[in-house]
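Contents: one structure, followed by commentary.
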Amino acid sequence: MKTVSITECAAYGYEEVEKAVFACLDNLPGIKSKMVSGARVLVKVNLLKRNAPEDAVTTHPAVVEAVVRYLQAAGCKVIVGDSPGGPFTVKRLEGIYKAAGMTQVAEKTGCELNYDVAAVQVTNEQAQKLKSMQIIKIAEDVDFVVSAAKLKTHGMMVYTGAVKNLFGVIPGLIKAEYHFKMKSVENFAHHLIDICEYIKPVFTIIDAIEGMEGDGPSAGQKRHAGLILASENPYALDTAAAHIIGINPLTVPTVKLARDRGIFSGSLQDLTVKGTRLEDIHIPPFKLPGSLHDNLLAGAMPEFAANFLANILRAKPVFNYDLCISCGDCQRGCPARIIDMSSGKPVPDLDQCISCFCCHELCPKKAIDIKKHWLHKLLFR
Numbered sequence: 001m002k003t004v005s006i007t008e009c010a011a012y013g014y015e016e017v018e019k020a021v022f023a024c025l026d027n028l029p030g031i032k033s034k035m036v037s038g039a040r041v042l043v044k045v046n047l048l049k050r051n052a053p054e055d056a057v058t059t060h061p062a063v064v065e066a067v068v069r070y071l072q073a074a075g076c077k078v079i080v081g082d083s084p085g086g087p088f089t090v091k092r093l094e095g096i097y098k099a100a101g102m103t104q105v106a107e108k109t110g111c112e113l114n115y116d117v118a119a120v121q122v123t124n125e126q127a128q129k130l131k132s133m134q135i136i137k138i139a140e141d142v143d144f145v146v147s148a149a150k151l152k153t154h155g156m157m158v159y160t161g162a163v164k165n166l167f168g169v170i171p172g173l174i175k176a177e178y179h180f181k182m183k184s185v186e187n188f189a190h191h192l193i194d195i196c197e198y199i200k201p202v203f204t205i206i207d208a209i210e211g212m213e214g215d216g217p218s219a220g221q222k223r224h225a226g227l228i229l230a231s232e233n234p235y236a237l238d239t240a241a242a243h244i245i246g247i248n249p250l251t252v253p254t255v256k257l258a259r260d261r262g263i264f265s266g267s268l269q270d271l272t273v274k275g276t277r278l279e280d281i282h283i284p285p286f287k288l289p290g291s292l293h294d295n296l297l298a299g300a301m302p303e304f305a306a307n308f309l310a311n312i313l314r315a316k317p318v319f320n321y322d323l324c325i326s327c328g329d330c331q332r333g334c335p336a337r338i339i340d341m342s343s344g345k346p347v348p349d350l351d352q353c354i355s356c357f358c359c360h361e362l363c364p365k366k367a368i369d370i371k372k373h374w375l376h377k378l379l380f381r
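Note that the UniProt record's numbering has the sequence shown beginning at 1, numbered continuously upward.
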């Protein structure tokens, strides 16, 4: 049995958030032995791109501040950081930290913000797919990592929370290379699990006060859930979180493959829930991403038929040039390198598109939509 802690928190007022976060983490007694005085800790937040806290794209600064203070109370030296999508540079980090409220967290708590943009090559012989990888140096230098994730739907992985958040230890544009090497949903999910198994966060906390539904992780709609969730086991946490927002946990590729790999069952029966009980949480199901149904064909029919239909039905990005500011973030973040900017506007070669939706995630103006095939209306009502 794996413990998941859930506390209710209606809004982002700091006193209310601190009370909820501290209560949530106090339900995880196993973390106390790791939080020794003097330990250097990376709080790995979700800072996908330059967004304000009210956009519900990034981990809210009130939640981050509470986590920092919880660790500091045990004598830990805390560094807050992430490697957002796009170039991993000091200047870009400065802008993202400021926009997301992390600069203010550092000023209020005295914690550090990570500006070390170096990467290191690490090996993990126990990995199934990713036995060697580049990660941000700070993740290797600290004594342990704490993951502070955001509750959102995700165009490729159905849902993003505990496990997916750790993709942020892969440096900037290297993420695009990994996306391109592992084009299928299954391979990419194995890749995420391998990263998670290497980092082994001491605990993960999910900011689910305001989450995101629809075309997450950046272009969906804000959705109130009013919860803080935490666990020492990221797969158990994702199982509970997915269930809460109306998603069958085993349709989340990382949860399903973690079960297949013998890491965690993905079953609610194997959870010990402390705090607010699952049966007392009544949240209408989150709206799912427009691209999601392509992934749900797997297992519903023979593999050759599923692959054939998925290829026909695969969602594609559609560019809205009225909103586009020609910043080039989509081109720089495209793993398949299929976006041409020579005309001054992004022109994708959709025949070569791998439907990873990195362009959709990184667009600062929500100028990229996800277009579904008309057959979706018949097959997925």
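Don't be surprised by glycine CBs; every beta carbon is placed ideally from N, CA and C.
Just to confirm, are residue i and residue j a CB contact at a threshold of 9 Å?
{"i": "Gly161", "j": "Ala241", "result": "yes"}
{"i": "Leu71", "j": "Val41", "result": "yes"}
{"i": "Ser147", "j": "Leu166", "result": "yes"}
{"i": "Ala208", "j": "Leu151", "result": "yes"}
{"i": "Thr66", "j": "Val17", "result": "Reading the sequence as shown, one finds Ala at residue 66 and not Thr. In contact: Ala66 and Val17 (Cβ atoms closer than 9 Å)."}
{"i": "Gly85", "j": "Asn114", "result": "no"}
{"i": "Ile228", "j": "Ala100", "result": "no"}
{"i": "His191", "j": "Leu130", "result": "yes"}
{"i": "Val169", "j": "Ile195", "result": "yes"}
{"i": "Ile193", "j": "Leu237", "result": "no"}
{"i": "Val43", "j": "Val57", "result": "no"}
{"i": "Cys358", "j": "Cys334", "result": "yes"}
{"i": "Thr204", "j": "Glu232", "result": "yes"}
If you follow the beta strand (DSSP E) that residue i is part of, which residue opens it and which one closes it?
{"i": "Arg259", "result": "Not the beta strand (DSSP E): Arg259 falls in the alpha helix (DSSP H), residues Pro253 to Asp260."}
{"i": "Lys2", "result": "Lys2 to Glu8"}
{"i": "Tyr159", "result": "Val158 to Thr160"}
{"i": "Asn135", "result": "Checking the sequence shown, residue 135 turns out to be Ile, not Asn. First-last of the beta strand (DSSP E) with Ile135: Ser132 to Ile136."}
{"i": "Gln121", "result": "Ala119 to Thr123"}
{"i": "Met212", "result": "Phe203 to Glu213"}
{"i": "Phe188", "result": "Segment Val185 to Ile199 is the alpha helix (DSSP H) holding Phe188; no beta strand (DSSP E) there."}
{"i": "Leu229", "result": "Gln221 to Ser231"}
{"i": "Asp82", "result": "Per DSSP, Asp82 belongs to no beta strand (DSSP E) and is neither H nor E."}
{"i": "Lys371", "result": "Ile368 to Lys371"}
Kindly give me the distance between the Cβ atoms of residue i and residue j, rounded to whole angstroms, as I take these residues to be in contact under 8 Å.
{"i": "Glu272", "j": "Thr3", "result": "Before going on, a small fix: residue 272 reads as Thr here, not Glu. Between Thr3 and Thr272 the Cβ distance is about 5 Å, and since that is below 8 Å, they are a contact."}
{"i": "Ile245", "j": "Ala219", "result": "17 Å between Cβ atoms; not a contact."}
{"i": "Thr239", "j": "Leu268", "result": "7 Å"}
{"i": "Pro234", "j": "Pro201", "result": "7 Å"}
With DSSP run on the structure shown, which of helix, strand or coil describes residue i?
{"i": "Asp294", "result": "For Asp294, the predicted structure reports a pLDDT of 48, less than 50, and the residue's modelled location is therefore unreliable. A value from the coordinates is still provided. Correct three-state label for Asp294: helix."}
{"i": "Phe319", "result": "strand"}
{"i": "His179", "result": "helix"}
{"i": "residue 383", "result": "For the chain, the structure presents residues 1 to 381; residue 383 sits outside this window and is missing."}
{"i": "Ala236", "result": "helix"}
{"i": "Phe144", "result": "strand"}
{"i": "residue 401", "result": "The structure shown does not extend to residue 401, since the chain is modelled only from 1 to 381, so the question has no answer here."}
{"i": "Ile338", "result": "coil"}
{"i": "Leu271", "result": "strand"}
{"i": "Asp116", "result": "coil"}
{"i": "His154", "result": "strand"}
{"i": "Lys345", "result": "coil"}
{"i": "Ala127", "result": "coil"}
Go through its chain and collect everything with a Cβ distance to residue i's Cβ below 7 Å, but skip five positions before and after it.
{"i": "residue 385", "result": "Beyond the ends of the chain as shown, which are 1 and 381, falls residue 385; an answer cannot be given."}
{"i": "Pro53", "result": "His60, Pro61, Ala100 and Gly101"}
{"i": "Thr89", "result": "Val117"}
{"i": "Lys366", "result": "Ala219 and Leu323"}
Which residues mark the beginning and the end of the alpha helix (DSSP H) in which residue i is found?
{"i": "Thr276", "result": "Looking at the DSSP string, Thr276 is not in any alpha helix (DSSP H), and its letter there is neither H nor E."}
{"i": "Gln331", "result": "Asp329 to Gly333"}
{"i": "Gly95", "result": "Val90 to Ala100"}
{"i": "Val63", "result": "Pro61 to Ala73"}
{"i": "Leu48", "result": "Note, Leu48: premise wrong, no alpha helix (DSSP H); not H, not E."}
{"i": "His282", "result": "Here His282 belongs to no alpha helix (DSSP H), and DSSP marks it neither H nor E."}
Give me, in chain order, the residues of the same chain whose beta-carbon lies closer than 6 Å to that of residue i; leave out the 5 immediate sequence neighbours on both sides.
{"i": "Ala62", "result": "Tyr12, Tyr14 and Val17"}
{"i": "Cys24", "result": "Ser5, Thr7, Ile228 and Ala230"}
Leaving aside the five residues before and after residue i along the sequence, list all residues of the same chain whose C-beta is less than 8 Å from its C-beta, in chain order.
{"i": "Gly262", "result": "none"}
{"i": "Ala139", "result": "Leu42, Lys44, Val145, Val169 and Ile199"}
{"i": "Lys137", "result": "Asp116, Ala118, Ala119 and Val120"}
{"i": "Gly95", "result": "Arg50"}
{"i": "Thr109", "result": "Glu65, Val68, Arg69, Gln72 and Val78"}
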